[in-house]
Amino acid sequence: MAKKHVTWGFAGPMYWEFQQFDRSDPMKNSLQFLKANGFELASFGLTQIDALDQEKRDYVKGFLADNGMKCFAHVSAKWCAIADGDIQSHADQIGKLLQKHHDLFKDTIVMTITQAGQRFDRTIMPLAQRKQRLVKAMAPLAKICHDLGTPLGVENREDFYCSDLVELCQQIPHLGIFLDTGNTYLIGEKPLPAIREAAPYVIGGHFKDHMVKSRPDNLTFEITGAVLGEGDVPLREAYAAIVKDSQYRDRIMMEYEMISPKGMNPLECLEKSKAFVHSLEAGNS
7 MAKKHVTWGF AGPMYWEFQQ FDRSDPMKNS LQFLKANGFE LASFGLTQID
57 ALDQEKRDYV KGFLADNGMK CFAHVSAKWC AIADGDIQSH ADQIGKLLQK
107 HHDLFKDTIV MTITQAGQRF DRTIMPLAQR KQRLVKAMAP LAKICHDLGT
157 PLGVENREDF YCSDLVELCQ QIPHLGIFLD TGNTYLIGEK PLPAIREAAP
207 YVIGGHFKDH MVKSRPDNLT FEITGAVLGE GDVPLREAYA AIVKDSQYRD
257 RIMMEYEMIS PKGMNPLECL EKSKAFVHSL EAGNS
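Laid out in structure tokens, this is it:
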């Protein structure tokens, strides 16, 4: 039997067709949707979980336990804007919440985004200075997350190349990358070289595909949705690189982020995407 390297979840979008279980309660609907489609991973904002009443938290924990599912946490901060004197207290505050809800998030990961602006925006802090600020600001939380057994990963978005995040990982002990395969196109990277460079540090991510089209008439790059495995992101090669090279192999937490192509029913897109991912797992031992 092929070895399972990745625990899979679903990040969205939550199309109307997916809200068939409990339209009065998005959280319950999300959990039931995951179960119905064979996913084993959920994710929630840390403050979102903390704001729930005890009955609702108990429901979430019970649902996950009863269905053999795991859950990881999102944390949010404008990391470059945290004053030096507030860095440790900010990390400690997040750490206390992670400890408080450790029974929910244990043995998984924590993800964050930098909220550092677009990489090429010259109206904000220079790029080199942003990187220096991130090293200082994220290091304490990376240590706290490591000590709790829930490693911290930072997502690639429009703010940094994957190579920039690799530099951060090399400077911040215990920091990983939460890799969005589709976001490589968002910032103009060649997907496969970027993904291969990031792979040793990948702890999880969004597994996403796109159809792309250059528009030289107005110097733009058009990016649209795709069934996983049918777009222009080389997902089969990306998956192989991640499971081969990641230092976090066998505990990688990956979510489909599936943007249905125009004119395709999202339910059809989901079934095709699931079939593709299953073929990846079947081909790796």
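Numbering (this note's numbering), first residue to last: 7 to 291.
Ideal Cβ positions, reconstructed from N, Cα and C, are used throughout, including at glycine.
DSSP places Ile258 in no alpha helix (DSSP H) but in the uninterrupted beta strand (DSSP E) bounded by Ile258 to Glu263. Across the structure, Ser220 and Tyr262 are spaced so that their CA atoms are roughly 25 Å apart.
Counting only residues of its own chain and dropping the five nearest sequence neighbours on each side, Lys196 has a CB closer than 8 Å to the CB of Thr190. Secondary structure within the segment 69-121: the alpha helix (DSSP H) runs of 4 or more consecutive residues, fully enclosed, are 93-106 and 108-111 (chain order).
With a minimum length of 3 residues, the unbroken runs of beta strand (DSSP E) contained wholly in the segment 114-187 fall at 116-118, 158-161 and 181-186. Boundaries of the alpha helix (DSSP H) harbouring Glu277: Pro272 to Ala288, taken from the DSSP string.
The shortest CA-to-CA distance from Leu286 to any of Asn73, Gly269 and Glu243 is the one to Glu243. When rounded, the separation of the alpha-carbon atoms in Pro132 and Leu234 is 36 Å.
With respect to His216, Gly237 sits close: the two C-beta atoms are nearer than 8 Å. In this structure Glu161 is buried. Its beta-carbon is surrounded by 16 or more other beta-carbon atoms within 10 angstroms. Leu47 sits away from Trp22, with the two beta carbons spaced by 8 Å or more. Taking every protein chain shown into account, the CB of Met270 has fewer than 16 other CB atoms within 10 angstroms, so this residue is exposed. By alpha-carbon distance to Gln94, the top candidate from Phe27, Leu147 and Asp153 is Leu147. The shortest CA-to-CA distance from Lys280 to any of Gly44, Arg29 and Asn35 is the one to Gly44. Within the segment 210-238, the complete beta strand (DSSP E) runs of at least 3 residues fall at 216-221 and 226-231.
Annotation for Ser30: no beta strand (DSSP E) segment contains it, and DSSP assigns it neither H nor E. Bridge pairing for Val12: Ile258 [DSSP].
Among the bridge pairs identified by DSSP, Gly18 is matched with Glu263.
Listed in chain order, the non-local C-beta contacts of Gly155 below 7 Å within the same chain comprise Lys112 and Asp113, local neighbours out to five positions each way being set aside. Contact check for Ile193 and Glu164: beta-carbon distance about 5 Å, within the 8 Å limit, so the pair qualifies. Annotation for Leu241: the continuous alpha helix (DSSP H) segment containing it runs Leu241 to Asp251. Collapsing the DSSP output to three states places Phe24 in a helix. Below 8 Å, too few C-beta pairs join the segment 67-81 and the segment 133-146 to call them touching: fewer than three.
Inclusion of Asp251 and Pro206 in the CB contact set at 8 Å is warranted, their separation being smaller than that value.
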